[in-house]
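Contents: one structure, followed by commentary.
Residue numbers (the UniProt record's numbering): 1 to 448.
What follows is the structure in structure tokens.
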């Protein structure tokens with residue numbers, strides 16, 4: 001009997017099995033907590049296709065996130081750098097004009113806005129030089145005592161001239177005289193209190209003799225006795241004792257040697273006092289070379305303890321101190337080629353100018369203390385820029401407003417502006433972010 005074969009591969013008679021039932025296309029998406037995804041697609045009559053994306057999608061997203069973080073960081077860094085380097089630099093070339101100076105002018109102590117006068121401040125310094133000379137023998141001498149007094153004016157606010165040989169008298173009736181005329185300043189007011197004017201002077205005894213060698217004393221002015229108020233308002237007090245009075249025998253030195261010694265002493269004293277005055281001048285002021293008056297007084301020779309002859313000179317130097325800005329403006333105003341506009345200027349190396357004191361011989365004889373002078377030389381006049389004010393004017397301004405701001409400064413001849421970062425269109429609001437660089441480039445003077 002034939003064995004019945006069972007086809008376990010194909011259904012008998014072409015019967016359709018469950019497996020032959022077409023399955024419509026479907027897709028399923030599964031997710032688990034591990035973030036892995038499995039996507040299954042089924043299509044009729046084709047093998048099942050399985051696409052697996054295990055962790056790969058996560059890496060792509062992580063990469064995009066990383067790039068995003070980097071971009072944000074770069075943008076933040078750019079912003080931070082732009083803030084750190086933000087600012088503005090204004091490079092300025094100042095207006096400068098060369099000037100040949102030839103001025104005959106007048107300086108005065110009066111504070112004035114006149115274009116005619118140059119104001120100055122008197123600076124008075126005093127000192128003495130002394131030398132001892134070997135005696136050439138001895139001889140009979142008659143010498144007058146001398147010393148320094150301070151003369152006061154508590155009578156009037158006006159100055160008072162006291163002529164040569166004006167007398168000063170002690171309470172004991174001893175008379176001393178000045179050998180040069182002096183001008184006693186008028187009284188003033190300080191902190192609401194009256195302050196008498198005063199001046200120092202050297203006086204000499206009316207006669208020779210040791211009886212005029214006295215200690216510190218008070219003095220009246222006999223010449224004012226006819227005017228009680230003036231007599232009471234003018235008086236003097238000793239600054240030093242009176243010494244040197246002698247009638248008798250003393251060491252002797254030839255007049256020629258004494259004269260030579262005094263000449264050397266006066267020269268040394270003048271140089272010393274000029275240096276002292278220069279050291280006392282404050283910043284922003286100056287004394288021009290030769291800009292002073294010097295007077296010396298020859299004190300009588302005296303005998304030293306070792307039998308030598310002492311020769312001494314006492315001097316007073318009055319320096320004419322000028323404010324640098326006032327002197328610069330005066331020079332610019334008196335030099336036509338400069339075409340001065342009244343703005344602040346500075347003069348390069350004013351100490352190189354040649355100053356000649358024209359009324360040196362007559363100075364001090366008038367109470368106005370006017371100084372007639374000539375000034376010669378050459379130099380550069382440069383306009384002065386107020387840098388802090390410029391920064392304030394530029395702060396917060398748009399770049400297109402720069403021209404109008406800079407044009408309002410006569411000191412600026414040329415300028416260059418750089419604002420950082422480059423895309424900024426306005427100056428920083430804070431002036432500390434604005435820097436001004438000044439260049440000094442002289443320009444050629446143009447004749448009218």
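No residue lacks a Cβ here, since even glycine has one placed at the ideal position from N, Cα and C.
Count the other CB atoms, across all protein chains shown, that sit within 10 Å of the CB of residue i; report buried if there are 16 or more and exposed otherwise.
i: residue 336; result: exposed
i: residue 287; result: buried
i: residue 195; result: exposed
i: residue 369; result: buried
i: residue 69; result: exposed
i: residue 188; result: exposed
i: residue 354; result: exposed
i: residue 383; result: buried
i: residue 255; result: exposed
i: residue 271; result: exposed
i: residue 422; result: exposed
i: residue 136; result: exposed
i: residue 163; result: exposed
i: residue 217; result: buried
i: residue 201; result: buried
In whole angstroms, what is the alpha-carbon distance linking residue i and residue j?
i: residue 447; j: residue 266; result: Note that residue 447 has pLDDT 40, beneath the 50 cutoff, so the model's placement of it is unreliable and the number below is only indicative. Spanning the two alpha carbons is a distance of roughly 47 Å.
i: residue 391; j: residue 90; result: 9 Å
i: residue 429; j: residue 380; result: 36 Å
i: residue 415; j: residue 404; result: 12 Å
i: residue 229; j: residue 262; result: 42 Å
i: residue 376; j: residue 356; result: 9 Å
i: residue 94; j: residue 110; result: 33 Å
i: residue 378; j: residue 96; result: 13 Å
i: residue 250; j: residue 210; result: 13 Å
i: residue 236; j: residue 212; result: 17 Å
i: residue 344; j: residue 420; result: 31 Å
i: residue 107; j: residue 154; result: 28 Å
Which partner residues of residue i appear in the DSSP bridge assignment?
i: residue 338; result: Answer by DSSP bridge pairing: none, since residue 338 is not bridged.
i: residue 439; result: 93
i: residue 355; result: 375
i: residue 195; result: 188
i: residue 157; result: Its beta-bridge partners do not exist; DSSP assigns none.
i: residue 118; result: 107
i: residue 226; result: DSSP lists no partner for residue 226.
i: residue 315; result: 127 and 296
Under DSSP, the beta strand (DSSP E) around residue i begins and ends at which residues?
i: residue 138; result: 138-153
i: residue 303; result: 285-303
i: residue 218; result: 218-220
i: residue 453; result: A question about residue 453 goes unanswered here, because the residues of the chain that appear run from 1 up to 448.
i: residue 174; result: Counting along the chain, residue 174 falls outside any beta strand (DSSP E), and DSSP gives it neither H nor E.
i: residue 394; result: Note, residue 394: premise wrong, no beta strand (DSSP E); alpha helix (DSSP H) at 387-394.
i: residue 168; result: 167-169
i: residue 132; result: 121-133
i: residue 412; result: 412-420
i: residue 345; result: 345-347
Below 7 Å, is the gap between the Cβ of residue i and the nearest heavy atom of the ligand ZN?
i: residue 178; result: The ligand content of the structure shown is nil, which means the ligand ZN is not present either.
Where does the unbroken alpha helix (DSSP H) through residue i begin, and where does it stop?
i: residue 235; result: Careful: residue 235 lies outside any alpha helix (DSSP H), inside the beta strand (DSSP E) at 234-238.
i: residue 325; result: 324-333
i: residue 258; result: 255-280
i: residue 405; result: 402-407
Am I right that residue i and residue j are in contact with their C-beta atoms under 8 Å? What's the rounded C-beta distance?
i: residue 120; j: residue 320; result: 4 Å
i: residue 284; j: residue 324; result: 6 Å
i: residue 433; j: residue 88; result: 7 Å
i: residue 208; j: residue 143; result: 6 Å
i: residue 127; j: residue 315; result: 6 Å
i: residue 373; j: residue 293; result: Wrong, their Cβ atoms sit about 11 Å apart, outside the cutoff.
i: residue 105; j: residue 159; result: Contact doesn't hold; Cβ gap of about 23 Å is too wide.
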